[in-house]
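Participant: Okay, handing you the structure first.
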Amino acid sequence: MAPLLEARGLSRSFGHVRALDDASFDIDAGEVVALIGDNGAGKSTLVKALTGNLAVDAGDLYFEGRQVTITSPHQASEMGMEVVYQDLALAPHLNPVQNMFLGREIPRKGLFGSLGFMDEKQMRAKAEAGFADLGGTVRSFTSPVGSMSGGQRQQIAIVRAISWADKIVFLDEPTAALGVVQTKNVLDTIKRVRDKGIAVVLISHSMPHVLEVADRIQVMRLGTRVATMPAEGTTVEQLVGAMTGALDSQTVNRRNSATLEDSAS
Ligand SMILES: Nc1ncnc2c1ncn2[C@@H]1O[C@H](COP(=O)(O)OP(=O)(O)OP(=O)(O)O)[C@@H](O)[C@H]1O
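Sequential numbering of the sequence shown, starting at 286, is according to this note's numbering.
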């Protein structure tokens, strides 16, 4: 069966920097694929190219087996794909329900048709169902999200994304700057998203998190995919080796061990 989303030979340069250099990618429905690579390897650029946020110089995209051109984030949304960026793009003064429907309010039908108001009751019910479904730990639907913890905000952003995306959610460093308990909650949320049949693309620098939650790992180096491996049976040392190019040498040298320490902390 064809992958849900596949990229072949994507290239994109910024001046003399080849951010993507013949890069490939693929993900199946209901699969968690981690995208790893050193700083500047091209992970964010690849996600932008896959979700209509960046035009490529060359390469082809296939969605559910059909060749497609995705020219805007709106088009990606319509196809069932959402991106959760590191800044989460939540409005801090609004509550989780209002954030979930920001820009997508459900109009209330009145005697004279849509009056342009949000149907608060309907939105709240949908939001609560979304959170209950994912077993999230968000306790208040009425407090501003700015008053909530980083882990809760991350979960709100994920629930918002999957409320609108039924095919693929892209998460850019969702556990960065989170504590142990909050990280666990977010990783559990990712697993439940996968269990709903929604594919998850996870950009992460944390190898332990990647190994815990991903089904498959795609390694990028210098703008291209250099390795794809199943998470099961793969070690942090092998991932670091693939990222740095040391895998073939079978030796994890001192520098890699240091990188390992950094990423595991
Ligand atoms: N808009 C841009 N203008 C110029 N150069 C860019 C632009 N976007 C990305 N690049 C360059 O492309 C390369 C790949 O960047 P990208 O952000 O995709 O890497 P990354 O793997 O996501 O890195 P990180 O882990 O640090 O976020 C880098 O050398 C970066 O400086």
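Beta carbons: idealized from backbone N, C-alpha and C, even for Gly.
G344: beta carbon under 7 angstroms from a heavy atom of ligand 1?
Facilitator: Not under cutoff, so the answer is no.
Participant: For I483 and L320, which I take to be in contact (beta-carbon distance under 8 angstroms), what is that distance rounded to the nearest angstrom?
Facilitator: Incorrect: roughly 17 angstroms between the Cβ atoms, too far for contact.
Participant: Could you check what DSSP says for F455 in three-state terms: helix, strand or coil?
Facilitator: Strand at F455.
Participant: Spatial neighbours of T509 within its chain, please: CB distance less than 6 angstroms, with the 5 preceding and 5 following residues excluded, ordered by chain position.
Facilitator: D306, D307, A308, listed in sequence order.
Participant: If V368 sits next to T330, beta carbons under 8 angstroms apart, how far is it from one beta carbon to the other, in whole angstroms?
Facilitator: With a Cβ gap of about 13 angstroms, V368 and T330 do not count as contacting.
Participant: Comparing the CB of T468 with every heavy atom of ligand 2, is any distance shorter than 7 angstroms?
Facilitator: What this structure holds is ligand 1, not ligand 2.
Participant: Could you pull out every residue in the same chain whose Cβ sits closer than 7 angstroms to the Cβ of F416, ignoring the five residues on either side in sequence?
Facilitator: Excluding sequence neighbours, F416 sits near V423, V444.
Participant: Check the DSSP bridge columns for D311 and list the partner residues they point to.
Facilitator: Answer by DSSP bridge pairing, in chain order: E291.
Participant: Mind checking whether A326 and F310 have CB atoms under 8 angstroms apart?
Facilitator: No.
Participant: Count the other CB atoms within 10 Å of the CB of R438; is the residue buried (16 or more) or exposed (fewer)?
Facilitator: R438 should be labelled buried.
Participant: Going straight from the alpha carbon of G344 to that of I502, what length do you get?
Facilitator: Cα to Cα, G344 sits roughly 21 angstroms from I502.
Participant: May I ask you to check if the CB of V302 is nearer than 7 angstroms to at least one heavy atom of ligand 1?
Facilitator: At least one heavy atom of ligand 1 is nearer than 7 angstroms to the Cβ of V302, so yes.
Participant: What number of angstroms, rounded off, separates the C-alpha of D473 from the C-alpha of D480?
Facilitator: Roughly 10 angstroms separates the two Cα atoms.
Participant: S448: beta carbon under 7 angstroms from a heavy atom of ligand 1?
Facilitator: Answer for S448: no, Cβ out of range of ligand 1.
Participant: If you measure from the CB of S329, is any heavy atom of ligand 1 nearer than 7 angstroms?
Facilitator: Yes, the beta carbon of S329 sits closer than 7 angstroms to at least one heavy atom of ligand 1.
Participant: Using beta-carbon positions only, say whether K469 and V498 come within less than 8 angstroms of one another.
Facilitator: Their beta carbons are not under 8 angstroms apart, which means K469 does not touch V498 by this criterion.
Participant: Hey, how far is the Cα of A462 from the Cα of A531?
Facilitator: One C-alpha to the other measures close to 28 angstroms.
Participant: Bridge partners of E367, per DSSP?
Facilitator: Bridge partners of E367: V454.
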